[in-house]
Amino acid sequence: MSSKVKVAIIGSTGYGGVELIRLLASHPQAEVTSVISSSSAGAPIAEGFPHLTEIRTDLLDDVNPELIKSKADVVFIATPAGIAAKLVPSLLEVGLKVIDISGDYRLKSREQYEMWYKKEAADQIYIDQAVYGLSEIYGDAVRGVDFVSNPGCFPTATLLGLVPAVKAGFIDPSTIIIDAKTGVSGAGRGVNLGTHFSELNENFKAYKLNKHQHIPEIEQVLSDAAGKPVITTFTTHLVPMTRGIMSTIYASVNGTLTDEDFVSLYRNYYEGRPFVRVRNTGTWPTTKEVWGSNYCDIGFSVDERTGRVTIISVIDNLVKGAAGQAIQNLNLMLGWDETLGLKFVPTYP
Ligand SMILES: NC(=O)C1=CN([C@@H]2O[C@H](COP(=O)(O)OP(=O)(O)OC[C@H]3O[C@@H](n4cnc5c(N)ncnc54)[C@H](OP(=O)(O)O)[C@@H]3O)[C@@H](O)[C@H]2O)C=CC1
Ligand SMILES: CC(=O)N[C@@H](CCC(=O)OP(=O)(O)O)C(=O)O
């Protein structure tokens, strides 16, 4: 009998869920024992996902907390916003550990959630219980807890690129502008006109200007890092590629600092955190250099002329931006080495 920790996935037929299945297939201490669907329970998962043929021969289970508890110790939730808000209480109640990949428990204020997500917020008692799992910043708080809220994809790239500089006072937080680009898998597997091939291919578009639901999440963490309220300008763009996020960040530098100062600050800050790689001066990461991996790569350029720094931060939205970081949080929750099952070399070219 296997001594691995048993894991279930709600939303296993979506991009985040399927990525969890892929990554967990090679985890040395966890195994997926239940894949769950609200719309296709009873069907073999490999029927809808032929790439899983002979890898997963099981049928999809229904969303039923008691059934999940009978099959698993930990449950990942990879569902659209608004679902986990209602599901989490019953999952915690039956004694499951929960990692929610959606945005339902990231914002500590119910009013903020309702304003930005336009949905009814979760109960405050559960919001208060959720630990925000931006692993390299709040990893210590994740150790041993039962309920983690996994960060958004854009916030992960952006905040890993900003928090050390904000904490150290290297930049003026009131001047931050974030220009972010994402691959289309960030929108999930559902079909809509905005992600239709002929609308997207050979095209480049900005969307959700000044309305993106990740704005309050980014500001919540930056305010924590700065020790005072921080607001930012954050613009998202859709790029005709499948995976990848690049956050290009601009801010005014405090005093006279060089690229070397930034590299040295970030290398110190992320020492012992193997998934953040800080580039040498004069080189900047591309999305392909982290494709399929749990890395976040960061590079800098200080402009003496303008007194501003440009920070480039890249991740794979489905790995470090979703399933990979969720597994990193599983590892932290269970007191394991945070890299277990995640040491993937990026797929290149
Ligand atoms: N894609 C990405 O890069 C990232 C996504 N996220 C977040 O992760 C979550 C999942 O995203 P993603 O996988 O891309 O989305 P998808 O749209 O690809 O998948 C969502 C899945 O949720 C399931 N679902 C829908 N309604 C319900 C319900 N009422 N109860 C239970 N399950 C339901 C659906 O499966 P079924 O019908 O079989 O139940 C569907 O396959 C979202 O909240 C998203 O914002 C976070 C970071 C990055
Ligand atoms: C391309 C695309 O549409 N991407 C999505 C990313 C959503 C996501 O991952 O985030 P939450 O879980 O916080 O909703 C977006 O920009 O809204």
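The numbering used here applies: residue 564 is where the sequence shown begins, and numbers increase by one. Glycine included, every Cβ here is placed at the ideal spot set by N, Cα and C.
- About 7 Å separates the beta carbons of F825 and A728, which is inside the 8 Å limit, making them a contact pair.
- Assignment of E834 by DSSP, reduced to helix, strand and coil, places it in the coil class.
- Boundaries of the beta strand (DSSP E) harbouring F710: 710-712, taken from the DSSP string.
- Distance from the C-beta of S665 to the nearest heavy atom of ligand 2 is below 6 Å.
- Its Cα nearest to that of L895, the residue A704 stands out among G751, N755, A704.
- When beta bridges are read from the DSSP output, R673 appears opposite no residue.
- When secondary structure is reduced to three states using DSSP, M678 falls in the helix class.
- Using a C-beta cut-off of 8 Å, the stretch 675-690 makes no contact with the stretch 880-891, since fewer than three inter-stretch Cβ pairs fall below that distance.
- Under DSSP, the beta-bridge partners assigned to K768 are L801.
- A straight-line Cα-Cα distance of about 30 Å links G790 and H800.
- Between G884 and E780, the gap from beta carbon to beta carbon reaches 7 Å or more.
- Bounds of any alpha helix (DSSP H) do not take in T819, whose DSSP letter is neither H nor E.
- Taking T805 as the centre and dropping the five residues before and after it, the same chain places the C-beta of G746, S748 closer than 6 Å to its C-beta, in chain order.
- In the DSSP secondary-structure assignment, C859 is bridged to V839.
- In the structure shown, the three-state DSSP call for I778 is helix.
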